[in-house]
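S.K.: According to the numbering used here, the sequence shown is numbered sequentially starting from 37.
Note that beta-carbon positions come from the ideal geometry of N, C-alpha and C, so glycine has one too.
Source: prediction; values computed, not measured.
After the structure tokens below, expect a handful of questions from me.
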Amino acid sequence: MKRLLIILSSALCFAGCAEKPETEKASVERFDIDISAYPEMNPEQRDSFRLRYSDAVAFAIQGDTVNADSALATYARGKAVKMFGPDITERFTVIDSIETVLGSLKAGIAEKLPSVEWKKPVGVISTYNQSVIIADSSLLIGLNHYLGSDYPAYSYFEPYQRAVKTPKHLPYDVAEAIIANKFPYQRQEDASLLNRMLYEGALLTAVNSVIANSDAAESMGYGTDEWKWLAENEKNVWSALIDRELLFSIDPSIVERMTRPAPATSIIHPDAPGRTGRYIGYKIAQAYLKRHPEKSIEWLLSPEFYNSPTALIESQYAPK
């Protein structure tokens with residue numbers, strides 16, 4: 037277990053430890069740990085607890101404000117807290133690593149996306165598939181979603197799903213949730229696959245820009261083999277999008293098949309990794325910024341870019 041903790045700590049630092057050692061850490065409030073004591077608290081302590089963790093409480097009790105006290109006590113005694121609580125405490129003993137990563141991320145957002153508001157990070161045990169939730173004043177992080185790809189409770193997940201359930205991927209999920217919340221996709225009535233790909237590419241560009249020492253493959257949830265396949269077949273993928281008349285398709289099912297998490301993007305090729313459309317969108321966004329360095333990351337996240345009929349032409353994207 038000591039070896040595991042060292043690996044987790046190293047992975048977190050590799051994912052995004054601040055390049056500048058003086059970067060302030062982002063303190064994480066531990067609702068995930070403190071909740072276990074709730075059933076034994078007296079009424080005054082319970083009131084204080086619910087006030088302190090108001091966003092996390094609302095998340096835990098699923099909006100049942102009428103029976104908030106009993107609902108929270110039920111949650112505290114529930115299967116999720118009993119199952120994940122001890123493992124979170126054990127595997128995330130070195131919480132400093134998470135706070136260092138989030139501190140670096142906070143600084144990156146302040147520099148690259150000044151209009152984005154940073155919220156207080158709170159560790160929770162999420163009973164939903166969503167691992168990061170943006171609340172009124174808090175950033176709720178389901179730490180039970182990052183216990184390692186080999187964690188036994190994840191065994192029923194597909195490999196592509198387990199690949200992102202690691203401490204190393206945590207800052208990428210947090211960054212994407214924060215940025216997408218501020219800059220959601222504004223879909224036009226006749227939006228095409230290209231429009232969605234451009235948005236996804238802009239979003240990934242923003243995520244990688246705010247994480248120190250970012251890894252583009254990790255930001256997309258790809259392993260070495262998947263990234264290599266896309267790099268070697270980028271031109272073939274692009275040709276398939278054009279030859280099969282997919283690029284300007286307004287069919288929602290095609291858009292989803294190209295951009296949603298999946299074992300593969302079979303509409304392109306059986307070996308094409310899931311969300312291949314995101315990868316191409318990212319490459320187009322990168323090409324656009326190279327041609328137009330005067331444009332900001334925030335502008336790239338605006339409909340003016342991804343809904344533009346000329347964005348692709350202006351990017352001069354041409355895979356080799």
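For my contact list, A199 and G257 are in at a C-beta cut-off of 8 Å; report their separation, rounded to the angstrom.
M.R.: The residue labelled residue 199 in the question sits at position 163 within the sequence shown. The residue labelled residue 257 in the question sits at position 221 within the sequence shown. That belief holds up - the Cβ atoms of A199 and G257 are roughly 6 Å apart, short of 8 Å.
S.K.: In the DSSP assignment, find the unbroken alpha helix (DSSP H) run with K155 in it and report its ends.
M.R.: Mapped onto the sequence shown, residue 155 falls at position 119. First-last for K155: undefined, no H or E at that position.
S.K.: Taking C-alpha atoms, which residue in N231, I215, A62, S191 lies nearest to M294?
M.R.: What you label residue 294 is simply residue 258 of the sequence shown in a count that begins at 1. If we check each option's Cα against that of M294, N231 comes out closest.
S.K.: For L175, which three-state DSSP category applies?
M.R.: As a working note, residue 175 is residue 139 in the sequence shown. Reduced to three states, the DSSP call for L175 is strand.
S.K.: So V102 is in the alpha helix (DSSP H); what residue range does that whole segment cover?
M.R.: The count along the sequence shown starts at 1 and reaches residue 102 at position 66. Premise fails: V102 is in no alpha helix (DSSP H) and is neither H nor E.
S.K.: Can you have a look at E254 and say buried or exposed, based on whether 16 or more other CB atoms are within 10 angstroms of its CB?
M.R.: By 1-based counting over the sequence shown, the position of residue 254 is 218. The residue in question, E254, is buried, as its Cβ has 16 or more Cβ neighbours within 10 Å.
S.K.: Is it right to say D132 is buried, meaning 16 or more other beta carbons lie within 10 angstroms of its own, or is it exposed?
M.R.: Indexing the sequence shown from 1 puts residue 132 at position 96. Label assigned to D132: exposed.
S.K.: Determine the burial state of I97: buried for a count of at least 16 other Cβ atoms within 10 Å of its Cβ, exposed for fewer.
M.R.: By 1-based counting over the sequence shown, the position of residue 97 is 61. Per the 10 Å Cβ criterion, buried.
S.K.: Relative to the alpha-carbon of K218, which residue among W265, I170, D261 has its alpha-carbon at the smallest distance?
M.R.: Taking the sequence shown and counting its residues from 1, one reaches residue 218 at position 182. Checked all of W265, I170, D261; the closest Cα to K218 is I170.
S.K.: Report yes if the C-beta distance between R82 and Y74 is below 8 Å; otherwise report no.
M.R.: For this step, residue 82 is matched to residue 46 along the sequence shown. For this step, residue 74 is matched to residue 38 along the sequence shown. Yes, Cβ-Cβ distance for R82 and Y74 is below 8 Å.
S.K.: Measuring only the C-alpha atoms, how far is H328 from N180?
M.R.: Counting from one through the sequence shown, the residue named residue 328 turns up at place 292. Counting from one through the sequence shown, the residue named residue 180 turns up at place 144. In a straight line, the C-alpha of H328 is about 41 Å away from that of N180.
S.K.: Which residue marks the beginning of the alpha helix (DSSP H) containing I247, and which one marks its end?
M.R.: Position 211 of the sequence shown holds residue 247. I247 -> no alpha helix (DSSP H), and no H or E assigned at all.
S.K.: Tell me which residues share the same chain as R113 and place their Cβ nearer than 8 Å to its Cβ, disregarding the 5 neighbours each side in the sequence.
M.R.: Within the sequence shown, residue 113 is the residue found at index 77, counting from 1. Cβ neighbours of R113 beyond the five flanking positions: P75.
S.K.: Helix, strand or coil: how does DSSP classify V117 here?
M.R.: In the sequence shown, counting from the first residue as 1, residue 117 sits at position 81. Of the three classes helix, strand and coil, the one that applies to V117 here is helix, per DSSP.
S.K.: Looking only at C-alpha atoms, which of L229, W265, T301 sits nearest to S344?
M.R.: Stepping through the sequence shown from its first residue, residue 344 is reached at position 308. That would be L229, whose Cα lies nearest to the Cα of S344.
S.K.: In whole angstroms, what separates the C-alpha of P150 from that of D105?
M.R.: Position 114 of the sequence shown, counted from the first residue, corresponds to residue 150. Position 69 of the sequence shown, counted from the first residue, corresponds to residue 105. In a straight line, the C-alpha of P150 is about 38 Å away from that of D105.
S.K.: Does the contact criterion of 3 or more C-beta pairs under 8 Å hold for the stretch 285-294 versus the stretch 255-275?
M.R.: With a cut-off of 8 Å, the stretch 255-275 and the stretch 285-294 do not count as touching, because too few Cβ pairs lie within range.
S.K.: Terminal residues of the continuous beta strand (DSSP E) containing V168?
M.R.: The residue labelled residue 168 in the question sits at position 132 within the sequence shown. Where V168 is concerned, the enclosing beta strand (DSSP E) stretches over 168-170.
S.K.: Kindly list the residues whose CB is nearer than 8 Å to the CB of Y318, restricted to its own chain and excluding five residues on each side of it in sequence; keep chain order.
M.R.: Position 282 of the sequence shown, counting from 1, holds the residue named residue 318. Result list for Y318: E236, G237, L240, T241, A252, M256, in chain order.
S.K.: Which residue from Y164, N244, I69 puts its Cα closest to that of I215?
M.R.: As a first step, residue 215 must be located in the sequence shown, where it is residue number 179. Here the closest residue by C-alpha is N244.
S.K.: R66 by DSSP, collapsed to three states: which one?
M.R.: Locating residue 66 in the sequence shown gives position 30, counting from the first residue. DSSP places R66 in strand when its eight states are reduced to three.
S.K.: Please classify L87: is it buried, with 16 or more other beta-carbons within 10 angstroms of its beta-carbon, or exposed?
M.R.: Working through the sequence shown from its first residue, we reach residue 87 at position 51. By the neighbour-count rule (16 or more Cβ atoms within 10 Å), L87 is not buried but exposed.
S.K.: Can you check whether the CB of D209 is closer than 8 Å to the CB of S140?
M.R.: In the sequence shown, counting from the first residue as 1, residue 140 sits at position 104. In the sequence shown, counting from the first residue as 1, residue 209 sits at position 173. No; because the gap between Cβ atoms is not below 8 Å, this pair is not in contact.
S.K.: Based on Cα-Cα distance, which residue from Y164, P157, M77, D307 lies nearest to A116?
M.R.: For this step, residue 116 is matched to residue 80 along the sequence shown. Of Y164, P157, M77, D307, the residue nearest in Cα terms is Y164.
S.K.: Starting from S90, follow the alpha helix (DSSP H) in both directions and report where the run begins and ends.
M.R.: For this step, residue 90 is matched to residue 54 along the sequence shown. Element bounds for S90: 90-96.
S.K.: I need the straight-line Cα distance from K204 to I247, nearest angstrom please.
M.R.: Within the sequence shown, numbered from 1, the residue matching residue 204 stands at position 168. Within the sequence shown, numbered from 1, the residue matching residue 247 stands at position 211. So the two alpha carbons sit approximately 12 Å from each other.
S.K.: Answer yes or no: do K155 and L175 have a C-beta to C-beta separation smaller than 8 Å?
M.R.: One-based indexing of the sequence shown puts residue 155 at position 119. One-based indexing of the sequence shown puts residue 175 at position 139. In this structure, L175 lies closer than 8 Å to K155 by Cβ.
S.K.: Please report how far the alpha carbon of S332 lies from the alpha carbon of N78, in whole angstroms.
M.R.: Residue mapping note: residue 332 aligns to position 296 of the sequence shown, counting from 1. Residue mapping note: residue 78 aligns to position 42 of the sequence shown, counting from 1. For S332 and N78, the distance between alpha carbons rounds to 52 Å.
S.K.: How big is the Cα-Cα spacing for Q224 and I145?
M.R.: As a position in the sequence shown, residue 224 is number 188, starting the count at 1. As a position in the sequence shown, residue 145 is number 109, starting the count at 1. Between Q224 and I145, the C-alpha separation is close to 28 Å.
S.K.: Grab the span of the alpha helix (DSSP H) containing V273 for me, first residue to last.
M.R.: Position 237 of the sequence shown, counting from 1, holds the residue named residue 273. First-last of the alpha helix (DSSP H) with V273: 260-279.
S.K.: Output the distance between the C-alpha atoms of I177 and E334, rounded to the nearest integer angstrom.
M.R.: What you label residue 177 is simply residue 141 of the sequence shown in a count that begins at 1. What you label residue 334 is simply residue 298 of the sequence shown in a count that begins at 1. I177 and E334: Cα-Cα distance of roughly 24 Å.
S.K.: Would Y192 be called buried (16 or more neighbouring beta carbons within 10 Å of its own) or exposed?
M.R.: As a position in the sequence shown, residue 192 is number 156, starting the count at 1. Per the 10 Å Cβ criterion, exposed.
S.K.: Would DSSP call M294 helix, strand or coil?
M.R.: Indexing the sequence shown from 1 puts residue 294 at position 258. Three-state DSSP puts M294 in a helix.
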